[in-house]
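> Going by this note's numbering, the sequence shown opens with residue 21, and the numbers climb by one from there.
Note that beta-carbon positions come from the ideal geometry of N, C-alpha and C, so glycine has one too.
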Amino acid sequence: MKKHIIISILAVVVLLFTGFLLLKIFSPKVNISGEKAKLSYIYNDKNIIVDLSAEENKQLKEMFNGKKLYKDSPSCGFSKNISICFNESYFCIACDQCSTVKLDNKYFNISKADRKVLNGIFEKYGGSFPCI
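Spelled out as C-alpha cells, the structure:
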C-alpha cells in the first residue's frame, strides 16, 4: 500500500514537471518582423501619432523580441491609444507604469530599466505616465 502511494506521488510529480518543461519550451515569444514602428498616445487633450526613428525601432525590437508571452488579466489598463505598432501588431503599454505589455490577448514583461527607456521615448513625443 505504501509503495503504491509513493509511486502515485512520483508519477504526479513527473507529469507536472514534464508539463512545465513542455510549456517552457513551446511557449510563444514576441517576434517583431516589421521595420517601422508608430507610437500612439491619444489621451486627454493629446493626440500624438508619430513614426519612430530607426534607432528607436531598433531599441524597441531589442526590448520586446524574445519575451515569453503568457495569458493573464492584469488590471494595469491597456489601450491601442497608448501603444507602439509594428505592422498592425499593437504593443499596448501599461498605463499605470508597471512593466507589463499587452500584445493581442497575451502579455509579457519588460525590466524596470526598459520601462524607463520606453517612458523616455513616449516623453520625447509628449506622452506621459501614468495615464489611467
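With 16 as the cutoff for other CB atoms within 10 Å, does Ser47 come out buried or exposed?
Start at 1 with the first residue of the sequence shown, and residue 47 comes out as number 27. Exposed: under 16 other Cβ atoms inside 10 Å.
> Taking the beta strand (DSSP E) that Val121 belongs to, which residues open and close that run?
Working through the sequence shown from its first residue, we reach residue 121 at position 101. Residues 120 to 123.
> Buried or exposed: where does Asn77 fall if 16 or more other Cβ atoms within 10 Å of its Cβ makes it buried?
Stepping through the sequence shown from its first residue, residue 77 is reached at position 57. That one is buried.
> Where does Tyr61 land, buried or exposed, given buried means 16+ other C-beta within 10 angstroms?
In the sequence shown, residue 61 corresponds to position 41, counting from 1. Burial call: buried.
> Using the Cα positions of Leu72 and Gly146, report the straight-line distance between them to the nearest angstrom.
Taking the sequence shown and counting its residues from 1, the one referred to as residue 72 is at position 52. Taking the sequence shown and counting its residues from 1, the one referred to as residue 146 is at position 126. Answer to the nearest angstrom: the Cα atoms are 13 Å apart.
> Write down every uninterrupted run of the alpha helix (DSSP H) in the segment 40 to 92 whose length is 4 residues or greater and which is fully enclosed by it, in chain order.
Counting whole runs of 4 or more residues, the segment 40 to 92 contains the alpha helix (DSSP H) stretches 74 to 84.
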